[in-house]
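Here the structure comes first, spelled out in structure tokens, and everything after it is commentary.
There are 2 protein chains.
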Amino acid sequence: MPGRSARPQRKPPDTTLELADRLHSAAIHLLRRLRRQDDASGLPAPQLSALSVIVFGGPITLGDLAQAEQVRPPTITRLVAALEADGLVERVSASDDRRVVHVQATSRGAKLLQEGRQRRVASLAAALRGLPAGERGAIARAVPAMEKVVRGE
Amino acid sequence: MPGRSARPQRKPPDTTLELADRLHSAAIHLLRRLRRQDDASGLPAPQLSALSVIVFGGPITLGDLAQAEQVRPPTITRLVAALEADGLVERVSASDDRRVVHVQATSRGAKLLQEGRQRRVASLAAALRGLPAGERGAIARAVPAMEKVVRGE
DNA sequence: TCATTTAGTTAGCCTAGCTAAGTATATTAT
DNA sequence: ATAATATACTTAGCTAGGCTAACTAAATGA
Numbered sequence: 023m024p025g026r027s028a029r030p031q032r033k034p035p036d037t038t039l040e041l042a043d044r045l046h047s048a049a050i051h052l053l054r055r056l057r058r059q060d061d062a063s064g065l066p067a068p069q070l071s072a073l074s075v076i077v078f079g080g081p082i083t084l085g086d087l088a089q090a091e092q093v094r095p096p097t098i099t100r101l102v103a104a105l106e107a108d109g110l111v112e113r114v115s116a117s118d119d120r121r122v123v124h125v126q127a128t129s130r131g132a133k134l135l136q137e138g139r140q141r142r143v144a145s146l147a148a149a150l151r152g153l154p155a156g157e158r159g160a161i162a163r164a165v166p167a168m169e170k171v172v173r174g175e
Numbered sequence: 023m024p025g026r027s028a029r030p031q032r033k034p035p036d037t038t039l040e041l042a043d044r045l046h047s048a049a050i051h052l053l054r055r056l057r058r059q060d061d062a063s064g065l066p067a068p069q070l071s072a073l074s075v076i077v078f079g080g081p082i083t084l085g086d087l088a089q090a091e092q093v094r095p096p097t098i099t100r101l102v103a104a105l106e107a108d109g110l111v112e113r114v115s116a117s118d119d120r121r122v123v124h125v126q127a128t129s130r131g132a133k134l135l136q137e138g139r140q141r142r143v144a145s146l147a148a149a150l151r152g153l154p155a156g157e158r159g160a161i162a163r164a165v166p167a168m169e170k171v172v173r174g175e
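Each protein sequence line maps, in turn, to chains A and B.
Heads up: the first sequence begins at 23 in the numbering used here, then just goes up one per residue.
Heads up: the second sequence begins at 23 in the numbering used here, then just goes up one per residue.
Laid out in structure tokens, this is it:
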């Protein structure tokens with residue numbers, strides 16, 4: 023019985039509301055599962071997420087980063103402060119508008135992301151590899167649509 | 023690892039590692055988006071999630087609930103305490119083993135779940151309704167597999 | 001009987017999120 | 001030119017979720 027959900031559901035949802043509900047629930051549990059297996063790799067998920075945007079999105083203002091990360095300005099200030107304290111990113115103030123702060127990855131930050139990301143999602147990847155190909159394929163085909171939802175399109 | 027939001031991607035992932043990465047990222051952003059739209063209506067996500075297990079899974083021990091929710095015992099103690107303080111669940115100690123505590127929903131808890139939960143996911147449901155039917159279907163077909171991954175099967 | 005295991009709680013810590021209010025810089029209107 | 005307003009970010013202070021370590025109480029078993 024360990025590991026057994028109290029609510030096993032194997033049928034696809036058949037109303038949009040049920041779909042939303044189950045997607046929501048699955049997201050919560052997915053992240054909790056990953057967080058628990060994360061410990062070795064270093065940064066907490068939100069910091070890693072922000073770092074990833076910074077590394078891939080180049081220098082970015084704090085405001086844009088907050089929007090990309092779907093959080094309020096004070097939250098991004100704090101996340102960036104934590105990353106900066108670890109030497110993974112640095113602030114650069116804009117020359118033309120001195121209110122604006124750009125943030126960019128240091129080489130250490132970029133390196134940590136490259137190395138750490140695979141480790142962090144390794145357990146999820148392993149679980150996905152354990153699925154029948156058809157089910158893994160179903161998830162793969164759903165991901166672009168999920169990203170669209172997340173971006174609010 | 024997340025972070026694809028700075029660069030929208032519309033292609034399905036073609037390696038398992040990339041799939042894991044993007045699924046993870048989508049889950050993070052999905053939950054943040056929902057949290058922000060979670061009005062005064064009710065409980066924070068983790069409490070709602072636990073309440074849902076309790077309502078649908080009947081009376082359940084704290085240990086089993088912790089497992090179902092993928093959290094450590096102290097966390098479940100705290101979540102249940104919060105739900106109890108709101109009169110949504112109640113503790114019942116087991117007659118045969120006095121260490122064990124079962125938790126069950128009150129009628130208020132069951133009612134709040136029925137009403138409030140749908141409200142909470144309403145914005146997600148609306149976003150899903152805005153998708154082309156094919157993409158919504160892709161997500162619907164992926165959900166059972168995601169639940170399987172989450173349960174660690 | 002006494003040691004061990006099991007279920008849950010308590011204490012104490014850290015991180016993530018928020019709002020409200022503050023500072024500094026830009027912009028706009030008078 | 002200056003006053004009002006808007007923007008970008010920070011600070012302060014709060015709620016909440018997550019953890020480990022250490023505890024109590026009850027069951028099990030040698």
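From the three backbone atoms N, C-alpha and C, an ideal C-beta is built for every residue, glycine too.
query: Helix, strand or coil for A/T128 per DSSP?; result: coil
query: Residues of chain B with a CB under 9 Å from the CB of A/P34: which are they?; result: G159, A162, R163, A164, V165 and P166
query: Pick out the complete beta strand (DSSP E) segments inside the stretch 67-145 of chain B, 3 residues or longer, and give them in chain order.; result: 111-115 and 123-127
query: Alpha carbon to alpha carbon, what distance is there between B/Q89 and B/L73?; result: 14 Å
query: Check this for me: beta carbons of B/R163 and A/A160, under 7 Å apart or not?; result: yes
query: Would you check if the distance between the CB atom of B/R54 and the CB atom of A/Q69 is smaller than 7 Å?; result: no
query: What is the residue span of the alpha helix (DSSP H) that B/G159 lies within?; result: A155 to R173
query: Could you say which of B/D43, B/V75, B/Q140 and B/A167 lies nearest to A/Q136 if we only look at CA atoms?; result: B/D43
query: Show which residues of chain B have a CB atom less than 7 Å away from the CB atom of A/H46.; result: L56, V143 and L146
query: Does any residue of chain A bring its CB to less than 7 Å from the CB of B/L73?; result: no
query: Consult DSSP for B/T37 and reduce its assignment to one of helix, strand or coil.; result: coil
query: Quick check on this structure: which residue in B/Q126, B/R113 and B/T37 has the alpha carbon closest to the alpha carbon of B/I76?; result: B/Q126
query: State yes or no: is the C-beta of B/A48 within less than 7 Å of the C-beta of A/V172?; result: yes
query: One question on the structure: do B/P34 and A/P166 come within less than 7 Å of each other, judged by their Cβ atoms?; result: yes
query: Quick check on the burial criterion: 16 or more other C-beta atoms within 10 angstroms. Buried or exposed for A/K170?; result: buried
query: Check each residue of the stretch 105-133 of chain B: if its Cβ is closer than 8 Å to any Cβ of chain A, include it; give the result in chain order.; result: none
query: Alpha carbon to alpha carbon, what distance is there between A/H46 and B/L52?; result: 8 Å
query: Is the shortest distance between the beta-carbon of A/V102 and the beta-carbons of chain B less than 7 Å?; result: no
query: For B/A103, does the count of other Cβ atoms within 10 angstroms reach 16, so buried, or fall short, so exposed?; result: exposed
query: Work out the CA separation of B/V114 and A/G80 for me, nearest whole Å.; result: 55 Å
query: Quick check: what's the CA-CA separation for A/P96 versus B/L56?; result: 19 Å
query: Could you work out which residues of chain A lie near B/L41, taking near to mean beta carbons separated by less than 8 Å?; result: A147, L150, R158, I161, A162 and V165
query: Is the separation between the beta-carbon of B/E191 and that of B/T128 shorter than 7 Å?; result: Missing from the structure shown is residue 191 of chain B; chain B here goes from 23 to 175 and no further.
query: Using a threshold of 7 Å, state whether the C-beta atoms of B/T38 and A/L153 are closer than that.; result: no
query: Where A/D146 and B/S145 are concerned, what is the direct C-alpha to C-alpha distance, given to the nearest angstrom?; result: Note that residue 146 of chain A corresponds to Leu in the displayed sequence, not to Asp. Roughly 27 Å separates the two Cα atoms.
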